[in-house]
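Okay, so here's the structure we're looking at.
Residue numbers (the working numbering): 93 to 784.
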């Protein structure tokens, strides 16, 4: 009893500290705010959310049962279904879900100030993002590891399932293309980064063989070896970049790297998860969590001020970084830091086929998403400790601020943030770059913020260039691991579709079926990645808006399924857990989709397409295009974006109708109507993760 009282007192103190820190961040009246308060408030909220809310969901809402076999145990095939140690699977799951979103989205959202993004990241992850990941993982775990589309087919009907499978696959392809393109852009002509990322592949395979066949269960030994080699690879990468003989071996332009990533994605999707995917993602997680933790420690040591104001003038939608008002586009832009539909594909893809016990779902699903959200907070903090003038110089397009330091400083100073040409050129010199102008996409901005914080904490200004390039490498490795698992999840989705046409193609134990599905998957997302490297007006400009909208719409679909499942389990009294975030996401995504389709310039896709199409017809060239052909390509890309957005809106609306109809039927039925796999009793005390 005394221990229990002490525990509650401890949690009360955490709550008080969190409330005080959040108040310091949110209620300032123009005075300087330290980034320490933002990090402290975030950590306290995460701890409380995991300790109390996730426990409530696990014990009351889902009623997790360790006496029930998971599909990893009941269907163990050594290929896709493999019971995996909780910590290794946490590493794989976190590496798979934590892609470009938590690094890029919050940085872009910083144009509206630090406060709107902070509030949504913290509130969104507790009530929406982590809930979705946890509950989709639970649903898939209870249905033999089935994909999101297959579960919708089971619970909402075959028509809904077919629509969801096609729609989810389309969204997945866009997501993988966005992730892959960011990696290619980060590693292009960067031998240091390419070398280090390449080393992680054979290193992971050695770890996989060691943990499965040589020393089963000896995770600590394999982890120590992997971390040491990874650190040596990062250190040696600088030598590779400077060596005249070694540099050409790892110095490739973006189009060649696109092919390399396409081939890697195909191979990783077909190999057993224990050989490459799980150990590589686990290894990458050490670097990810290590760097984010080091950045947090650096913030506490340096205590930098948040130089970006709490809110800026650009909440009205006139910002140079991205178009659109605070509602709904802040929530669309931040994406993965608060809630991500991509996670639903991983939580119903690789992870449920590897989870050993049902109770592990809380730590892996809810806890993994909280960890990613902390990455988003770190990214937002790194962007907001920069001088606002530097932030806007890096993230604003040349069409608005020009491509010279003099012109950029003039435009940005007129916005209210005084900056000189010398400040711009000196920042570029400090990080070893020729220029920092027009470096949109979030990754370079995050790298500069991290470099300034880490250099102030360790090594001083002389090491700022090192920390900058280390951060770029970290981001590339961070994102690439999501491509690994995403491709495998995409293969599962394609096999679900093909299995409806020809049953043998749906068998995950068939080599031929696996190869066909893999080739189809990587061909689709690989096409967009490659085109993004050879078309200067395509790539991120075309894919990223679709990524944000499609990603959040997919989260809404996943939460619709979870709400329906709770009703069919006769646990209607708990449906608020999923219904509240579902309603919010549907309102946000449908509003954003509507505006992207029908709004005038500069938000609407069709409005932009019409502008460039009319100008091209009149023989006028508009920036950023340089020729009439490029003008026509800009118009085509925006017509394509608008059409795909319209398809996504119709998909979400249809899913909402199917979910409401099925839920009403389930409410009228006094008995549970949920469709779960038959109960199989697990052997108590058996460590299935090492019992091969």
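Beta carbons are placed, not taken as given, at the ideal position from N, Cα and C, and that holds for glycine. Nothing here was measured: the structure is a model prediction, and the numbers come from that model.
Secondary structure at residue i, three-state DSSP: helix, strand or coil?
| i | result |
| --- | --- |
| residue 784 | Only weak support is given to the placement of residue 784: the predicted model assigns it a pLDDT of 45, under 50, and the value that follows is read from those uncertain coordinates. In this structure, residue 784 counts as coil in the three-state DSSP scheme. |
| residue 768 | coil |
| residue 442 | coil |
| residue 169 | coil |
| residue 160 | strand |
| residue 403 | coil |
| residue 670 | helix |
| residue 511 | coil |
| residue 354 | helix |
| residue 706 | helix |
| residue 426 | helix |
| residue 97 | helix |
| residue 397 | strand |
From residue i to residue j, what does the alpha carbon distance come to, in whole angstroms?
| i | j | result |
| --- | --- | --- |
| residue 111 | residue 400 | 22 Å |
| residue 413 | residue 534 | 10 Å |
| residue 744 | residue 574 | 24 Å |
| residue 540 | residue 482 | 10 Å |
| residue 165 | residue 477 | 48 Å |
| residue 567 | residue 437 | 22 Å |
| residue 506 | residue 402 | 19 Å |
| residue 104 | residue 430 | 25 Å |
| residue 108 | residue 213 | 20 Å |
| residue 784 | residue 158 | For residue 784, the predicted model reports a pLDDT of 45, less than 50, meaning its position is unreliable and no value from the coordinates is stated. |
| residue 124 | residue 598 | 58 Å |
| residue 365 | residue 780 | 16 Å |
| residue 178 | residue 444 | 12 Å |
| residue 563 | residue 316 | 22 Å |
| residue 348 | residue 610 | 20 Å |
| residue 433 | residue 674 | 12 Å |
| residue 303 | residue 153 | 35 Å |
| residue 136 | residue 355 | 42 Å |
Out of the options, which one is the CA nearest neighbour of residue i?
| i | options | result |
| --- | --- | --- |
| residue 669 | 174, 685, 651, 662 | 651 |
| residue 379 | 457, 124, 349, 190 | 190 |
| residue 583 | 100, 358, 287, 128 | 358 |
| residue 516 | 762, 277, 530 | 530 |
| residue 175 | 697, 453, 746, 136 | 453 |
| residue 686 | 727, 657, 641, 664 | 641 |
| residue 700 | 680, 724, 597 | 724 |
| residue 150 | 351, 714, 226, 355 | 226 |
| residue 441 | 521, 257, 102 | 257 |
| residue 709 | 100, 721, 334 | 721 |
| residue 296 | 377, 593, 152 | 377 |
| residue 682 | 375, 416, 310, 420 | 420 |
| residue 145 | 101, 201, 221, 170 | 221 |
| residue 654 | 588, 692, 578, 755 | 755 |
| residue 689 | 738, 612, 705 | 738 |
| residue 757 | 656, 707, 747 | 656 |
| residue 635 | 706, 749, 263 | 263 |
| residue 580 | 306, 607, 560, 558 | 607 |
Which residue comes first and which comes last in the alpha helix (DSSP H) that contains residue i?
| i | result |
| --- | --- |
| residue 757 | 720-760 |
| residue 224 | 222-233 |
| residue 180 | 178-189 |
| residue 136 | 127-140 |
| residue 559 | 556-593 |
| residue 413 | Per DSSP, residue 413 belongs to no alpha helix (DSSP H) and is neither H nor E. |
| residue 773 | That residue, residue 773, is in no alpha helix (DSSP H); it is neither H nor E in DSSP. |
| residue 292 | 283-301 |
| residue 331 | 311-334 |
| residue 251 | 250-279 |
| residue 544 | 535-549 |
| residue 210 | 206-216 |
| residue 341 | 339-342 |
| residue 461 | 460-476 |
Would you please state the rounded distance, in angstroms, between the beta carbons of residue i and residue j? I believe it to be under 8 Å.
| i | j | result |
| --- | --- | --- |
| residue 467 | residue 194 | 4 Å |
| residue 660 | residue 246 | Rounded, the Cβ-Cβ distance is 10 Å, inconsistent with contact. |
| residue 439 | residue 229 | 4 Å |
| residue 268 | residue 192 | Rounded, the Cβ-Cβ distance is 11 Å, inconsistent with contact. |
| residue 243 | residue 772 | So it is not a contact: roughly 19 Å between Cβ atoms. |
| residue 425 | residue 201 | 5 Å |
| residue 461 | residue 384 | Their Cβ separation, rounded to whole angstroms, is 14 Å, which puts residue 461 and residue 384 out of contact at 8 Å. |
Quick one: does the C-beta of residue i sit closer than 7 Å to a heavy atom of the ligand NAD?
| i | result |
| --- | --- |
| residue 431 | This structure lacks the ligand NAD; in fact it carries no ligand of any kind. |
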